[in-house]
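Numbered according to the numbering used here, the sequence shown terminates at residue 680, and the numbering increases by one at each position without gaps. Just so you know, even glycine gets a beta-carbon here, dropped at the ideal spot from N, CA and C. The structure presented is a predicted model; accordingly, all values stated were derived computationally and were not measured.
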Amino acid sequence: FPIQYESNSQCVWIITASNLNKVRAKMSHENLSLRNRSFSSDTSLSIMPHFCRQVIQINFEEFDLELGYDTLTIGDGGEVGDPKTILQVLTGSFVPDLIVSMTHQMWLHLQSDESVGSIGFKINYKEIDKESCGDPGTPLYGIREGDGFSNGDVLRFECQFGFELIGEKTISCQNNNQWSANIPICICEYCQCYCTLQTD
Ligand SMILES: [Ca+2]
């Protein structure tokens, strides 16, 4: 990224939460860039090793793969390709807001077929406390109720006056550290009416 990925590519990344308040990404292929981001440092004390309390959260800044033919598979742990650990298989341009691992490692495997490439993807990643789904944000022109991101927590969304909510009004943090849905979007109702009137 942002240069188109090559055909017949097999790229693998393993992101590991370290016990030094940092996350490392091991890249076996540098075809795509995996962008680092600043990490919040955690100074709380614990008798458990730090990495046991941390999981990996990724979110996509950009994502576009050839729909149906090129895929990015994301899994939990360090066993790349292990079908039992797969969290998501992504293709095309639609992605979840966040993907969170269950353990201190997450693997990513990009596979492209023999023809037609696209721009690939760009992700941010960080470590967060375990049993959490991460902060999915608030929709533009929207309001969020609830600020817990742990397993079992629920977030409710509304849109500002004049905006229509598209998607789920309520999402919950599931035990697999994934939100039950993406956050909704808020669409300007008045703007749509205006456009319709203009075309009539
Ligand atoms: Ca392709």
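Out of curiosity, what's the CA-to-CA distance linking residue i and residue j?
i           : j           : result
residue 637 : residue 646 : 10 Å
residue 564 : residue 552 : 16 Å
residue 568 : residue 588 : 10 Å
residue 663 : residue 671 : 21 Å
residue 555 : residue 650 : 26 Å
residue 598 : residue 617 : 27 Å
residue 623 : residue 669 : 16 Å
residue 584 : residue 610 : 9 Å
residue 510 : residue 561 : For residue 510, the predicted structure reports a pLDDT of 38, less than 50, and the residue's modelled location is therefore unreliable. A value from the coordinates is still provided. Each residue's alpha carbon lies about 19 Å from the other.
residue 578 : residue 586 : 13 Å
residue 570 : residue 600 : 11 Å
residue 641 : residue 533 : 41 Å
residue 591 : residue 658 : 23 Å
Taking only heavy atoms of ligand 1 into account, decide whether any of them is closer than 7 Å to the Cβ of residue i.
i           : result
residue 544 : no
residue 569 : no
residue 487 : yes
residue 548 : no
residue 592 : yes
residue 600 : no
residue 573 : no
residue 626 : no
residue 596 : yes
Go through its chain and collect everything with a Cβ distance to residue i's Cβ below 8 Å, but skip five positions before and after it.
i           : result
residue 593 : 487, 488, 546, 549, 550
residue 484 : 597, 598, 599, 600
By Cβ distance below 6 Å, which residues in the same chain neighbour residue i in space, the five residues on each side in sequence not counted?
i           : result
residue 596 : 546
residue 581 : 535, 536, 556
residue 648 : 661, 664
For residue i, which residues in the same chain have their Cβ closer than 7 Å to its Cβ, ignoring the five residues on either side in sequence?
i           : result
residue 660 : 651, 652, 654
residue 629 : 612, 613, 614, 615, 653
What residue range is occupied by the uninterrupted beta strand (DSSP E) comprising residue i?
i           : result
residue 650 : 650 to 652
residue 540 : 534 to 544
residue 644 : 643 to 646
residue 568 : 566 to 570
residue 493 : 490 to 497
Compare the C-beta of residue i against all C-beta atoms of chain D and say whether one is closer than 8 Å.
i           : result
residue 614 : The displayed structure is made up of one protein chain only, and chain D is not part of it.
(message) Could you tell me which whole beta strand (DSSP E) segments of length 3 or greater appear in the segment 574 to 640?
(response) You should have 585 to 591, 600 to 609, 622 to 625, 634 to 639.
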